[in-house]
Each structure stands twice: as structure tokens, then as C-alpha cells.
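Notes follow once the structure below has been shown.
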Amino acid sequence: MLRIIVVLAVAVISVGVSAANAESSSPASAKSPGEIAAASRLLAEKQESCRVEAKRQKLTFFKRRSFVRTCMKSKS
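Counting in the working numbering, the sequence shown tops out at residue 94, every number present.
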């Protein structure tokens, strides 16, 4: 019985999340190809600067990945 309740709760939550995502991707929020390219370049530059900083600190693989993630969040 508990399994059925949990499965139904997960189904209801996932439907709600997918409905919320559908609303947020409305045509009004669509960007032009130029805006998308500019945002992509900016993101790539941020990631590259964070990656170079992590490499300069001589971090190991997992620490470097963690550093880049936190660095990207802080630069947003």
C-alpha cells in the first residue's frame, strides 16, 4: 500500500514539474541566434577562466571539477 502511495506521489510531482517547465519555455522567452551565441561565448569564457585557475592551483581531477562548478556558480 505504501509503495502505491509513493509511486502516485512521484507521478503527481513529475507531472507538476513538467507542466512548470512547459510554461517557462514559452515563445516569449525565445532568444535570437545571436543572443544565444553571445551567451554561449560568455559561458565558455567563464568556464575556461575557472578551469585555468584550477589548473594553476594544481588541483587533482575531482577537486578541479568541484572548483570549476563552484567557480561557475559564483561568477553568475
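All residues carry an ideal CB built from backbone N, CA and C; glycine is no exception.
What you are looking at is a predicted structure, and each value in this text was computed from that prediction instead of being measured.
(1) Rounded to a whole number of angstroms, what is the C-alpha to C-alpha distance between residue 81 and residue 19?
(2) Straight-line CA distance for residue 26 to residue 75?
(3) Alpha carbon to alpha carbon, how far is residue 57 from residue 70? Give it in angstroms, no decimals.
(4) Would you mind reading off the limits of the alpha helix (DSSP H) that contains residue 88?
(5) Cutting at 8 Å between CB atoms, please list the residues of its own chain near residue 77, excluding the five before and the five after it.
For this structure:
(1) Going from the Cα of residue 81 to the Cα of residue 19 covers about 44 Å.
(2) Looking at the two C-alpha atoms, the distance is approximately 48 Å.
(3) Residue 70 and residue 57 have their alpha carbons spaced roughly 20 Å apart.
(4) 79-92 is the extent of the alpha helix (DSSP H) around residue 88.
(5) Leaving aside the five residues that flank residue 77 on each side, the residues in its chain whose CB is nearer than 8 Å to its CB run, in chain order, 85.
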